[in-house]
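K.L.:
The numbers in the sequence shown follow the working numbering, run straight up by one, and end at 314.
One structure, pasted below without further comment.
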Amino acid sequence: MNPLETKLLDFTLKNPLIMASGTYGFGRELEMYYSPNILGGISSKGLTRYPKPGNSGIRIWETPSGMLNSIGLENPGVEHFCEYEVEDMRKIDTLLMVNLGGNTLDEYIEGVEFLNEVDIDILELNISCPNVKEGGMAFGLTCDSAAKVTSEVVKRSKHPVIVKLSPNGEDVSSLAKSVEDVGACGVSLINTLQGMAVDVKNKRIVFDNIYAGLSGPAVKPIALRMVHQVAKAVSIPVIGLGGISNARDVLEFLMVGATCVQIGTANLFDPRAVPKIIEDLEIYCIEEGIKNLSEICGIL
């Protein structure tokens, strides 16, 4: 038996490593370094109902042990994805997860209707988008709004729905329970933490949007804590992400209750990170006499 083989819902993954949305494009961007067929799964670049040009100004800013991004969900739109991207993604021998966002409930629903017509495995619902009809507060910041959008998407989706949770809102365990109660098949967390940067030489705030999303190793202890809390609060699978950059990080997330993990910022600062993580996980299993990583999932 493959010691890294992982069960997620009704799917069998080669390993517990899923590439996080926004860090792996549509699955071909890093194939000059290794075959994407070795991956457990890929979560697509975040999509919205209509194309988005993204934010103006500086979009990426390096921080100690991390990165701030203000991309603004630049993407070609879900209709373009269905027509031009999904067929090539489906050729990759791995789990295909599609990340969907929206600024209104109607946009989410219309996006789901397009995705219902194509061959994907899982819909990852990004509820960190601002709800423009409710004053701009992100859908995922309160249990009520998170449950509402999740419920409407679950009712319409032909694919299982996993909800990506924000660390910036109400108690994350309560958020997870609220989406589980309305039919989410799983949750992924954490999305980026809100941060900012200042350019002291030019005496200005770096980002046009003022605040940006912090990711990378700096957020890992917070992500690990939240995954541990959520795994104890829900009975659906939990996908852990936030600063994972080596095999030890993966093992920590699995031990505190994650079924599998997503690799994000590590793909940007080391495009060969994933093959090394897979190799080191295999070595760990041999050295520890572990027949399958499921033996250590949730032991803490």
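Backbone N, C-alpha and C fix where the C-beta goes; we use that ideal spot for every residue, glycine too.
All figures in this text were calculated on a predicted structure; none of them were measured in a lab.
Can you tell me where the alpha helix (DSSP H) holding glycine 125 begins and where it ends?
P.N.:
Here the alpha helix (DSSP H) through glycine 125 covers 119 to 129.
K.L.:
Give me the Cα-Cα distance between proline 235 and isoleucine 258, rounded to the nearest whole angstrom.
P.N.:
The straight-line gap from Cα to Cα measures roughly 10 Å.
K.L.:
Measure the C-alpha to C-alpha separation of glycine 230 and serine 79 and round it to an integer number of angstroms.
P.N.:
If you take the alpha carbons of glycine 230 and serine 79, they lie about 6 Å apart.
K.L.:
Suppose the cutoff is 7 Å on Cβ atoms and the five residues either side in sequence are ignored; what does the same chain contact list for aspartate 222 look like?
P.N.:
Same-chain partners within the cutoff: Asn69, Ser70 and Gly71.
K.L.:
From arginine 170 to aspartate 133, what distance separates their C-alpha atoms?
P.N.:
Spanning the two alpha carbons is a distance of roughly 16 Å.
K.L.:
Could you tell me the distance, in whole angstroms, from the CA atom of tyrosine 122 to the CA atom of valine 186?
P.N.:
Distance between the alpha carbons of tyrosine 122 and valine 186: 22 Å.
K.L.:
Based on DSSP bridge pairs, tell me the residues matched to serine 57.
P.N.:
DSSP, once it has assigned bridges, lists Met111 as partnering serine 57.
K.L.:
Do glycine 36 and threonine 108 come within 8 Å of each other at the CB atom, strictly closer than that value?
P.N.:
Going by C-beta atoms, threonine 108 is not nearer than 8 Å to glycine 36.
K.L.:
Rounded to a whole number of angstroms, what is the C-alpha to C-alpha distance between leucine 31 and leucine 119?
P.N.:
Between leucine 31 and leucine 119, the C-alpha separation is close to 31 Å.
K.L.:
Assess contact between the stretch 192 to 202 and the stretch 252 to 266, defined as three or more Cβ pairs (one per stretch) separated by less than 8 Å. Is contact present?
P.N.:
Contact between the stretch 192 to 202 and the stretch 252 to 266 is present, because at least three Cβ pairs lie under 8 Å.
K.L.:
Does glutamate 76 come out as helix, strand or coil in the three-state DSSP assignment?
P.N.:
Three-state DSSP puts glutamate 76 in a strand.
K.L.:
Tell me whether phenylalanine 25 sits in a helix, a strand or coil according to DSSP, three-state version.
P.N.:
Three-state result, phenylalanine 25: strand.
K.L.:
Evaluate contact between the stretch 128 to 143 and the stretch 170 to 182, counting only Cβ atoms and requiring at least three cross-stretch pairs below 8 Å.
P.N.:
Yes: at least three Cβ pairs fall under 8 Å.
K.L.:
What does DSSP give as the partner residue(s) for arginine 218 in the beta ladder?
P.N.:
Partner(s): Asp213.
K.L.:
Among Glu302, Met103, Ala280 and Phe95, which one has its Cα closest to the Cα of alanine 81?
P.N.:
One point to set straight first is that residue 81 is methionine, not alanine, in the sequence displayed. Among Glu302, Met103, Ala280 and Phe95, the Cα nearest to that of methionine 81 is on Ala280.
K.L.:
How is the alpha helix (DSSP H) around leucine 268 delimited, first residue to last?
P.N.:
Element bounds for leucine 268: 261 to 269.
K.L.:
Isoleucine 253 by DSSP, collapsed to three states: which one?
P.N.:
It is a strand residue.
K.L.:
Decide if the stretch 292 to 302 is in contact with the stretch 267 to 274; the criterion is three or more beta carbon pairs, one per stretch, under 8 Å apart.
P.N.:
Flag = no, the stretch 292 to 302 and the stretch 267 to 274 do not touch.
K.L.:
Go ahead and label valine 315 buried or exposed: buried means 16 or more other beta carbons lie within 10 angstroms of its beta carbon, across all protein chains shown.
P.N.:
Outside the shown range of the chain, which is 15 to 314, sits residue 315, and nothing can be said about it.
K.L.:
With which residues is glycine 227 paired in a DSSP beta bridge?
P.N.:
Bridge partners of glycine 227: Asn83 and Gln208.
K.L.:
Bridge partners of valine 201, per DSSP?
P.N.:
Its beta-bridge partners are Val177 and Val252.
K.L.:
Compute the distance between the beta-carbons of isoleucine 224 and lysine 178, then report whether it is under 8 Å.
P.N.:
It is not a contact, given that the beta carbons lie outside the stated cut-off.
K.L.:
So, do the stretch 295 to 310 and the stretch 44 to 59 have three or more beta carbon pairs nearer to each other than 8 Å?
P.N.:
Result no; under three Cβ-Cβ pairs closer than 8 Å.
K.L.:
Nearest to proline 17 by alpha carbon, out of Lys147, Gly115 and Asn29?
P.N.:
The residue with the shortest Cα to Cα distance from proline 17 is Asn29.
K.L.:
Can you look up methionine 8 in the DSSP assignment and give me helix, strand or coil?
P.N.:
Here the chain covers residues 15 to 314 and nothing more, so residue 8 does not appear.
K.L.:
In angstroms, rounded to a whole number, what distance separates the CA positions of methionine 151 and leucine 207?
P.N.:
Straight-line Cα distance between these residues: approximately 15 Å.
K.L.:
Check whether the Cβ atoms of valine 13 and isoleucine 304 sit closer than 8 Å, and answer yes or no.
P.N.:
Only positions 15 to 314 of the chain appear in this structure, which leaves residue 13 out of reach.
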